[in-house]
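For reference, the structure is listed below as structure tokens.
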Amino acid sequence: IFSIKMISPSNNFDDEVDDFDTIPYYEEDRSLMRASTAPARPLTDIEEFRHSREFFLLEQSVIISAQLIQRSNYKYDLDSQEGQRTCKEYLKILEKLNEAFRA
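Numbering (the numbering used here), first residue to last: 1229 to 1331.
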């Protein structure tokens, strides 16, 4: 919907009618049709566990254990820098897991 204003040559703005104060009918009812969100449901035990520190540590330990370099004799590679770094990270995560489940 468009509205055209005619401005008089005298530039008397006080006499003009502001067409923008009136809201068309279809826009007034928009607020009544707006969807509202449902309240949040409480988290289940599994969802709470997924948000916990223990789950984060377990997840990190699985990810880092997949990065460990294993030799053909079923021992982990500690000779390379990458193997040492990965083993250190894995041991740190295991220590944190031990502390978390000990409490």
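Glycine residues also receive a C-beta, built at the ideal position from the N, C-alpha and C atoms.
DSSP state of Tyr1318, grouped into three classes? Three-state DSSP puts Tyr1318 in a helix.
Please determine if the segment 1298-1311 and the segment 1264-1273 are in contact, where contact requires at least 3 C-beta pairs separated by less than 8 Å. Output reads no: the segment 1264-1273 does not touch the segment 1298-1311.
Can you name, in chain order, every residue of its own chain whose Cβ lies under 8 Å from the Cβ of Arg1281, other than the five neighbours on each side? The answer, listed in chain order, is Ala1328.
Hey, would you say the C-beta of Lys1316 is under 7 Å away from at least one heavy atom of the ligand COA? The ligand COA is absent from the structure shown, which contains no ligand whatsoever.
Where Ile1291 falls, given that 16 or more other Cβ within 10 Å makes a residue buried: Looking at its Cβ environment, which holds fewer than 16 other Cβ atoms inside 10 Å, Ile1291 is exposed.
Can you tell me where the alpha helix (DSSP H) with Gln1288 in it begins and where it stops? For Gln1288, the uninterrupted alpha helix (DSSP H) segment begins and ends at 1281-1295.
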